[in-house]
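**Q** Got a structure for you, questions after.
Residue numbers (our numbering), protein chains in the order written: chain A, 1 to 262; chain B, 1001 to 1637.
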């Protein structure tokens, strides 16, 4: 089939960007959206033009590298699907697809469909872990974890850090991402000793990175390719509020946010 | 060259403890004076960087992705083995060791494998403590399953996302050290050369993939954990960015490359659907626990699978291997699928596929149980193929998945260049000629968490480090050679894209150095690779410039290295006149088509030394001896 791709082209952060339309023939319904971009890029290269920059790696929906807005929806129209797994059979002859990068102040533009998502690493850096050095661990079965708790933890831990939640949120909030990690570790016995400190630090870093506030709209969970539930945000808020009462004295200092580094 | 593997003398059970005790230690106060470079942030690299940072070393960790959490370890689905014997079913360190040596078809180093089995239990403990949400029983204890042909249940898992969860554990430990200031994370940066000064590895030359800037990083030791090279085949289950460049540049600086022809073809992948295809998708091997593999008895049977009656189906693995059935090791399962398709029994549009059928399991266990076990995999299959595996059998075909070969290392994981250590899939040591399922995660984490922290200390404590700075001639030479290569690639401006060359190269390697190899075919392949390579250097076109994000340029450098590697793989496969594990030479098979080893002549590690651009590489042999597991013909019948 034949399609038109309307793609955001921007050389770098300092130059202005604009949409450019490209006609793509011979689109096979079995292709993924990224393979469709591959085909376009091959033809651009042979025409002496600069190919479209987009991020991708595993192409099986787990690494979290890929992602852009497809007709205004993060990762496109299919639920629970990353762009690399979205097959072209969901579109039809003559369709026009608008592709644009994640847009959020905390994700500075790099090029075309590529943005800088290091702010998410900073949130993890701010206590998104259990502080256990290599070699200190007791036997695996010394820490019992009920199946329901393990399942709840795993549901939250499935987050791939793609940033779709931020891109979909009208406030560009990273609450779903942050709440997912707080829930993953916060419900497990291993995560208890640092539970309050973790919530305080991660939320402080999230705010420092200029992500917006959560106003419970729910677009984030709607586009999340791993369908992380909204309740993780409630968990985050609860842990944060509890921690704010008990640990006021050691309020964490965030590291320099991405927007101030670039 | 005499290869000294530095295996401690005495019993294998005591070897690692003895080695640890004999190792020199770095005084805690001196650790921060030592700088280390870790290339790669996957299970091996991430675990190493985090653990070395915890010890107090000054660590720089590099990855080419935008974040260390993207490393390809994340895509591992099935699980991680450990000799815990929680299920009380006869597992032991010795059995895991035995199975791994046998599964590797007696081409792995016994002492390394034994150590891996010994350490395996500690890995699970460490990951649990980090908060990895492993599957649990209702009572709260860890769940195990049998996996990939093992007759005991030794595999720990986190749904179908075990690699992701283990990697996130390592990544979080790494970020903790980043916060502590002991590790500097340098993402979106690719290592392009190794700096060797007076025979010691002293740093790397890297390129910032956003700005194109070349940077020099000097250190006391360099640790490569840059993964495998399956992407030499173009189509593989590896992530698109996975490449051999870091290892290859180290090889060209004097590190030996061992067993390059040992590649693993995974039996359960989704078949190729068209020539635009950019990669192959793996369906976890765990599916073989409950799925039955078959083809129609009639060649080219046009009927849909559900209309083919039971007695017209050939469950060929159950027929040929009654005791292991659908759970034979990967190499055996893959080869049989290829054989059925080559004989014309293949299914699907291309005829390159066999059925993996869950009807019987769904009947026996109910759809709910099957959904609980494999739901996410079934969804993934349906998303890609638009077919519902609950109703119609999956179609699967083998695809390249893992490379057992890699840079040669001794027992301390040091390469033939002092100060260059190699971990995880990038080294060669533990899997022999065929890796067992759920063993890659185990090896990556064992190397990263529990081996390198000891062995690198030993090296640092017993070596002198003369001052090296950017003005050193060796540094300048490396910088110039990297720059020249990039400029050359940009200046050719030919008529073919990098991908078109890569596809063609991959097809040659797959056809002649894939699942089945012959001397004649390999010789032909070497000629074809050389011809294509010379065309590459005169007719490739790389758009854009070297001073911003330019994926074509990144790929161009990696494909240039794949050309050279492909040739070495064929030479290695040609040298090894036997069949073993994933290396199947058609001339060497038993009467019933199984791999025929030749222990008298080929019980060695083939370690190749680079001798210059126009000279043939030199073959060095590390003899393999088996004191604990007596080599036998593998039989899964």
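Virtual Cβ for every residue (Gly too), placed ideally from N, Cα, C.
Whole-angstrom Cβ separation of residue 1234 of chain B and residue 1505 of chain B, contact assumed at under 8 Å?
**A** 7 Å
**Q** Just checking: is the beta-carbon of residue 129 of chain A within a distance shorter than 9 Å of some beta-carbon in chain B?
**A** yes
**Q** Does the beta-carbon distance from residue 1170 of chain B to residue 1079 of chain B come in below 9 Å?
**A** No. Outside cutoff.
**Q** Which residues, in order along the stretch 1169–1186 of chain B, keep a beta-carbon less than 7 Å from a beta-carbon of chain A?
**A** 1172, 1173, 1175, 1176, 1178, 1179
**Q** So which residues of chain C does residue 1386 of chain B contact, with C-beta pairs closer than 7 Å?
**A** In the displayed structure, chain C is absent; the protein chains listed are A and B.
**Q** I'd like to check one pair, residue 1628 of chain B with residue 1106 of chain B: are the Cβ atoms closer than 9 Å?
**A** Not a contact, by the Cβ cut-off of 9 Å.
**Q** Kindly list, in the order they appear in chain A, the residues whose Cβ is closer than 7 Å to that of residue 1070 of chain B.
**A** Near residue 1070 of chain B (Cβ distances below 7 Å), the residues of chain A are 57, 63, 64, 65.
**Q** With the cut-off set at 9 Å, would you say residue 1561 of chain B and residue 1244 of chain B are in Cβ contact?
**A** yes
**Q** In or out: residue 1229 of chain B buried (at least 16 other Cβ within 10 Å) or exposed?
**A** buried
**Q** Do you know whose CA, among B:1533, B:1582, B:1555, lies nearest residue 1563 of chain B's CA?
**A** B:1533
**Q** Do residue 1548 of chain B and residue 1210 of chain B have their beta-carbon atoms positioned less than 9 Å apart in this structure?
**A** yes
**Q** Going by the beta-carbon positions, is the gap between residue 1320 of chain B and residue 1297 of chain B smaller than 9 Å?
**A** For residue 1320 of chain B and residue 1297 of chain B, no; Cβs fall outside 9 Å.
**Q** Given a cut-off of 9 Å on the beta-carbon distance, is the pair residue 114 of chain A and residue 55 of chain A in contact?
**A** yes
**Q** Roughly how many angstroms separate the alpha carbons of residue 1183 of chain B and residue 1579 of chain B, rounded to a whole number?
**A** 44 Å
**Q** Please state the DSSP three-state secondary structure of residue 1468 of chain B.
**A** coil
**Q** Is residue 1023 of chain B helix, strand or coil when you go by DSSP?
**A** Residue state, collapsed to three classes: coil.
**Q** So, does the CB of residue 100 of chain A fall closer than 9 Å to a CB anywhere in chain B?
**A** no
**Q** Just to confirm, is the Cβ distance from residue 1009 of chain B to residue 1042 of chain B under 9 Å?
**A** Not in contact: residue 1009 of chain B and residue 1042 of chain B (Cβ atoms no closer than 9 Å).
**Q** At a CB distance below 7 Å, what residues from the stretch 1573–1597 of chain B approach chain A? Give them in sequence order.
**A** none
**Q** Out of curiosity, what's the CA-to-CA distance linking residue 1197 of chain B and residue 1465 of chain B?
**A** 10 Å
**Q** Residue 1095 of chain B to residue 1118 of chain B, Cα distance in whole Å?
**A** 11 Å
**Q** With DSSP as the reference, label residue 1401 of chain B as helix, strand or coil.
**A** Strand at residue 1401 of chain B.
**Q** List, in chain order, every chain B residue whose beta-carbon is nearer than 7 Å to that of residue 260 of chain A.
**A** Correct list: empty, because the minimum Cβ distance to chain B is about 17 Å.
**Q** Tell me which residue opens and which closes the beta strand (DSSP E) that residue 1605 of chain B is part of.
**A** 1604–1609
**Q** Should residue 253 of chain A be labelled buried (16 or more other beta-carbon atoms within 10 Å of its own) or exposed?
**A** exposed
**Q** What are the complete beta strand (DSSP E) segments, minimum 3 residues, inside the stretch 1358–1403 of chain B?
**A** Here the runs fully enclosed are 1394–1403.
**Q** Which residue comes first and which comes last in the beta strand (DSSP E) that contains residue 1185 of chain B?
**A** 1183–1186
**Q** For residue 1093 of chain B, report the span of its alpha helix (DSSP H) as first-last.
**A** 1093–1103
**Q** Would you mind giving the Cβ-Cβ distance between residue 149 of chain A and residue 187 of chain A, rounded to the nearest angstrom? I have them listed as a contact below 8 Å.
**A** 6 Å
**Q** Could you spell out the range, first to last residue, of the alpha helix (DSSP H) harbouring residue 28 of chain A?
**A** No alpha helix (DSSP H) contains residue 28 of chain A, which DSSP labels as neither H nor E.
**Q** Alpha carbon to alpha carbon, how far is residue 1156 of chain B from residue 1378 of chain B? Give it in angstroms, no decimals.
**A** 21 Å
**Q** Of all the options B:1153, B:1070, B:1120, which has the alpha carbon lying nearest to the alpha carbon of residue 1168 of chain B?
**A** B:1070
**Q** Start and end of the alpha helix (DSSP H) containing residue 1554 of chain B?
**A** 1551–1575
**Q** Curious, which full-length beta strand (DSSP E) runs of at least 3 residues does the stretch 1279–1335 of chain B contain?
**A** 1292–1296
**Q** In this structure, how does DSSP classify residue 1355 of chain B when only helix, strand and coil are distinguished?
**A** Residue 1355 of chain B falls in the strand class under three-state DSSP.
**Q** Just the Cα atoms here: how many angstroms apart are residue 1278 of chain B and residue 1553 of chain B?
**A** 18 Å
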